[in-house]
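Now the structure itself:
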């Protein structure tokens, strides 16, 4: 065995732990160390170094960070997560408020739209005509005391009724004397009060007539 | 024996990231000693070691999501951070001397009690420990790391290579060189030095 080999084995194998080497290598190393004072010194040095390292290892084996490090870290952990939680709660509250505002605004807008639509629908369906359209002159055609179209929805509202009230009304066809129209608050040609006529009455939910139509 | 699911490091870390202080504390207590020892052996300074441990866990606290389970266990991840902090410390203060005041009896606060037989034996051991500590601290950082990991932490080449983030061959050669330098330094610190070749 040469000195280089001995040195390599010595340093590679952590200082020639003889038990780690096979018998032939061990014998060769021992023979070389006996013959070479430099290598014997190297071996001795490394063994001493190993002992010293072992001692250093043992003296620092039980070392651990002081308790204050844990305390500082725990304090910081608590502070950090408390802040994060508070921030999260604030953000959550802000978003909830914003969402609630949007929802309320949306619902309000939707209701307003519905009201608008139904109002437009009712006014379109009922094509309300004012009582000023009622004929007053004697020269008007027969049965034209109340001027109204014959199409569905051409009703003349009775005095005191509102267009909104006709929303859920039912149409009832009745036969009556013309004079009875006066009882409904409509002007009647006095000369023809006893004539029998057919009248469509728009009856509201309360059972009272709201408008009248004279079908052909 | 396997660790229960709820006690695994990655599970604890996940819980700590959600604000569970107990999990964080558990993780700290499990790893602090090894990290502290490594930092202490590398820097030779208990204040620096303390700072390193604190930095490691502060990093974990701030950025727990940086840990990637696919790249290794939490312990190795923490060790990697500690190693970086130690190297930065050594770069910043390449020849920093320990400011730690020795106790009246000559020991340091970081030393633990060593069994002694006689005062003379105890004194000799202290002297030898100080000598080897000084010799280790004089090694260049990369050789010192290899010596600390393989000789003091008693890790295998594979483990040391994994923690250092370099190939096994590099660790092996660094250790070889580190041992040779260490021996040379120890010989020089002896009153009657023997002739020791420094490995090529």
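Protein chains in written order, with our numbering: chain A, 45 to 260; chain B, 4 to 203. Even glycine gets a Cβ: it sits at the ideal position worked out from N, Cα and C. All values reported here derive from a predicted model rather than from experimental measurement.
Just how far apart, CA to CA, sit residue i and residue j?
| i | j | result |
| --- | --- | --- |
| residue 203 (chain A) | residue 217 (chain A) | 19 angstroms |
| residue 256 (chain A) | residue 226 (chain A) | 12 angstroms |
| residue 128 (chain A) | residue 72 (chain B) | 25 angstroms |
| residue 18 (chain B) | residue 124 (chain B) | 50 angstroms |
| residue 165 (chain B) | residue 74 (chain A) | 35 angstroms |
| residue 125 (chain A) | residue 137 (chain A) | 18 angstroms |
| residue 138 (chain B) | residue 185 (chain B) | 6 angstroms |
| residue 252 (chain A) | residue 167 (chain A) | 20 angstroms |
| residue 42 (chain B) | residue 78 (chain B) | 14 angstroms |
| residue 207 (chain B) | residue 86 (chain B) | Examination of residue 207 (chain B) is not possible in this model, given that chain B is present from 4 through 203 alone. |
| residue 88 (chain B) | residue 58 (chain B) | 8 angstroms |
| residue 239 (chain A) | residue 213 (chain A) | 27 angstroms |
| residue 21 (chain B) | residue 122 (chain A) | 12 angstroms |
| residue 12 (chain B) | residue 67 (chain A) | 45 angstroms |
| residue 131 (chain B) | residue 95 (chain A) | 9 angstroms |
| residue 26 (chain B) | residue 118 (chain A) | 11 angstroms |
| residue 95 (chain B) | residue 145 (chain A) | 56 angstroms |
| residue 91 (chain B) | residue 84 (chain B) | 11 angstroms |
| residue 63 (chain B) | residue 80 (chain B) | 10 angstroms |
| residue 102 (chain B) | residue 109 (chain A) | For residue 102 (chain B), the pLDDT reaches just 44, beneath the cut-off of 50, and the residue's location in the model is therefore unreliable, although a value from the coordinates is still provided. Answer to the nearest angstrom: the Cα atoms are 17 angstroms apart. |
| residue 47 (chain B) | residue 140 (chain B) | 7 angstroms |
| residue 162 (chain A) | residue 156 (chain A) | 10 angstroms |
| residue 206 (chain A) | residue 228 (chain A) | 15 angstroms |
| residue 50 (chain B) | residue 45 (chain A) | 48 angstroms |
| residue 91 (chain A) | residue 128 (chain B) | 15 angstroms |
Under DSSP, the alpha helix (DSSP H) around residue i begins and ends at which residues?
| i | result |
| --- | --- |
| residue 253 (chain A) | Note, residue 253 (chain A): premise wrong, no alpha helix (DSSP H); beta strand (DSSP E) at 253-257. |
| residue 90 (chain B) | 77-95 |
| residue 31 (chain B) | 24-46 |
| residue 160 (chain B) | 160-167 |
| residue 99 (chain A) | 81-105 |
| residue 134 (chain B) | 122-141 |
| residue 64 (chain B) | 49-65 |
| residue 13 (chain B) | 12-20 |
| residue 151 (chain B) | Note, residue 151 (chain B): premise wrong, no alpha helix (DSSP H); not H, not E. |
Can you name the residues that DSSP bridges to residue i?
| i | result |
| --- | --- |
| residue 214 (chain A) | A:247 |
| residue 221 (chain A) | A:240 |
| residue 200 (chain A) | A:256 |
Check this for me: beta carbons of residue i and residue j, under 8 angstroms apart or not?
| i | j | result |
| --- | --- | --- |
| residue 56 (chain B) | residue 38 (chain B) | yes |
| residue 144 (chain B) | residue 93 (chain B) | yes |
| residue 222 (chain A) | residue 242 (chain A) | no |
| residue 152 (chain B) | residue 176 (chain B) | no |
| residue 89 (chain A) | residue 189 (chain B) | yes |
| residue 135 (chain B) | residue 99 (chain A) | yes |
| residue 86 (chain A) | residue 51 (chain A) | yes |
| residue 154 (chain B) | residue 69 (chain A) | no |
| residue 45 (chain B) | residue 148 (chain B) | yes |
| residue 257 (chain B) | residue 107 (chain A) | Residue numbering for chain B in the displayed model covers 4 to 203; residue 257 (chain B) lies beyond these limits and cannot be assessed. |
| residue 93 (chain A) | residue 84 (chain A) | no |
| residue 61 (chain B) | residue 120 (chain A) | yes |
| residue 250 (chain A) | residue 215 (chain A) | no |
Would you mind telling me which residues of chain C sit closer than 8 angstroms to residue i, beta carbon to beta carbon, in chain order?
| i | result |
| --- | --- |
| residue 35 (chain B) | In the structure shown, chain C cannot be found, because the protein chains are A and B. |
For residue i, is the beta carbon positioned less than 7 angstroms from some heavy atom of the ligand PLP?
| i | result |
| --- | --- |
| residue 116 (chain A) | With respect to the ligand PLP, the structure offers nothing, as it holds no ligand at all. |
Throw me the rounded Cβ distance for the residue i and residue j pair, which I believe falls under 8 angstroms.
| i | j | result |
| --- | --- | --- |
| residue 199 (chain A) | residue 246 (chain A) | 5 angstroms |
| residue 146 (chain B) | residue 181 (chain B) | 3 angstroms |
| residue 70 (chain B) | residue 30 (chain B) | About 11 angstroms; that fails the 8 angstroms criterion. |
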